[in-house]
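Here the sequence shown stands for residues 3 to 348, where the numbers follow the working numbering.
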Amino acid sequence: MNKFIIDQPSLDSYFRGIVLFGKNAATYKFALSKSLIELSSKGTDFISLEDLALPFIKYTNEHVLNGNKQITSNSSKYFDAFEKYNSNACDIDEMIKLTISNPFQNVIDRFHNVNSSELDKKFYEVTTKNNTKGIILTDNLFLINENSSLENLFIETEARWKLVENAWSLNINPSMLSVSYDESDNSLFINENSLGKRIDITSCRDALNGYQRGKCFYCGTAISVDPGSDNLCDVDHFIAHTVQSHIPEDLNINGVWNLVLSCKNCNRGTNGKFARLPVSDPYLEKLYNRNEYFILSHHPLRETLINQTGKSPGCRLSFIKTMYSLGLQYLLATWNPSIIYNSKNI
């Protein structure tokens, strides 16, 4: 049995990932998330765009009335229309038409896109029924309510929405904010260090290169640790540093155990890893073996790695699998390099 088989994220993790990690230029995604949760409780699967627009408008208007920014641009025909709507200068039918022709043209098709990848778990499908355009809710949404609680996701979505709109109003990058749900006391919390700022690491290149032998950890192409080289490698977080804001502080994503040397193309090129998680096969085992290499060879990093990952091989294996699973719960999307060179010696 493959000891590196990883449990897949739960359905509510997928929904939560959409709320937390989908790209935001406007708050449409949050309004759609809350609308889907509300409509799923009615027990019907097909929802016309007109019926979907009603809760979407309701939830959007609640936030418009708070006075915070709902879009990154300076003006928006859609959000500006709420001023007329709230002063009775236009009616609900006009708002429904505008919702279908404006935000729905963007958010409906892009809702399931996270970290530049289309999720394989969908909560609705776009369809037409009796010449009426709409969506069909999938079983995945109903299963969440059976196995956990859509109410918790509703609360988290609202909290995330408030954070983003306040961040825009305060001119703070919302991707640096994070909300987590604590099941032990049913609370939502923000880590004090939830800005999740990546630490620029350069001093450990030489040490890490002792294992990688001048090869990219992912694709095997030649890399350099010479600061003056055009081919200078990147120090990459195997599990993206953005995960740190969602896990306990003592589970250190910036630890040496999670750092590898990568060519620039794999780390941040056209098909770069960015905030995605390397596929577990072969990279999780490769990372584990790299750490064991340092420990068993009594490398200067030995004690640091033992303190970070565990005192025995079994503990270290359990630790790295747990951390990978946590990363997958939040990042959802996995990644493979486009080209793999001869990397047998890595």
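All residues carry an ideal CB built from backbone N, CA and C; glycine is no exception. Computed from a prediction, not measured in an experiment: that's the story for all the values here.
With 16 or more other CB atoms across the displayed protein chains lying within 10 angstroms of its CB, Tyr-332 is buried. In this structure, DSSP gives Ile-255 a state outside helix and strand, which the three-state scheme calls coil. The Cβ atoms of Ile-20 and Ala-55 lie no closer than 8 Å to each other. Going by DSSP, Thr-324 is part of the alpha helix (DSSP H) stretching over 315 to 333. DSSP places Tyr-126 inside the beta strand (DSSP E), whose first and last residues are 126 to 131. In the structure shown, the three-state DSSP call for Lys-60 is helix. C-alpha of Gly-312 to C-alpha of Thr-306: approximately 10 Å in a straight line. Per DSSP, Val-237 is one residue of the beta strand (DSSP E) stretching across 236 to 239. Here the alpha carbon of Ser-247 sits roughly 10 Å from the alpha carbon of Ile-255.
Distances from the CA of Leu-41 to each of Pro-105, Ser-77, Leu-152 and Asp-238 were compared; the closest alpha carbon is that of Leu-152.
Asn-267 has its alpha-carbon roughly 13 Å from the corresponding atom of Tyr-343. The straight-line gap separating the alpha-carbon atoms of Trp-170 and Ala-83 is approximately 20 Å.
By the C-beta density criterion, Asp-14 is buried, having at least 16 other C-beta atoms within 10 angstroms.
Per DSSP, Val-262 is one residue of the beta strand (DSSP E) stretching across 261 to 264.
If only complete runs of 4 or more residues are kept, the segment 66 to 92 shows the alpha helix (DSSP H) at 79 to 88, in order along the chain. Between the segment 230 to 242 and the segment 258 to 272, the count of Cβ pairs shorter than 8 Å is three or higher; the stretches touch. Counting C-beta pairs with one atom in each stretch, the segment 121 to 136 and the segment 71 to 87 have fewer than three that are closer than 8 Å, which means they do not touch. At a Cβ-Cβ threshold of 8 Å, Gly-257 and Gln-214 do not count as neighbours. If you check the CB distance, Leu-286 and Ile-322 come in under 8 Å. A Cβ-Cβ distance of about 7 Å is found for the pair Arg-318 and Asn-293, placing them in contact under the 8 Å criterion. Taking all protein chains shown into account, Asn-26 has 16 or more neighbouring C-beta atoms within 10 Å of its C-beta and is therefore buried. Looking at the DSSP output, Lys-217 shares a beta bridge with Ala-224. Taking the Cβ atoms as the reference, Phe-113 lies roughly 6 Å from Lys-31, within the contact range of under 8 Å. At the C-beta level, Tyr-220 and Leu-121 stay beyond 8 Å of one another.
Only exposed fits Lys-44, as fewer than 16 other CB atoms lie within 10 angstroms of its CB. Between Glu-127 and Arg-18, the CB-CB gap reaches or exceeds 8 Å. Spatial neighbours of Ala-33 in its own chain (CB-CB distance under 7 Å, excluding positions within 5 residues in sequence) are listed in chain order as Phe-58, Tyr-61 and Thr-62. The C-alpha of Phe-48 lies about 26 Å from the C-alpha of Pro-11. In this structure, Lys-288 sits away from Phe-156, with a CB-CB distance that is not shorter than 8 Å. Spatial neighbours of Lys-131 in its own chain (CB-CB distance under 7 Å, excluding positions within 5 residues in sequence) are listed in chain order as Phe-48.
For Phe-113, the secondary structure class from DSSP, reduced to helix, strand or coil, is coil. Secondary structure note for Lys-135: its beta strand (DSSP E) is the uninterrupted segment 134 to 139.
In the DSSP assignment, Ser-103 falls outside any beta strand (DSSP E) and lies within the alpha helix (DSSP H) extending over 94 to 103. Per DSSP, the continuous alpha helix (DSSP H) segment holding Phe-32 begins and ends at 30 to 42.
Taking the CA atoms as reference points, Thr-46 sits about 11 Å from Leu-38. For Phe-48, the enclosing beta strand (DSSP E) covers residues 48 to 50.
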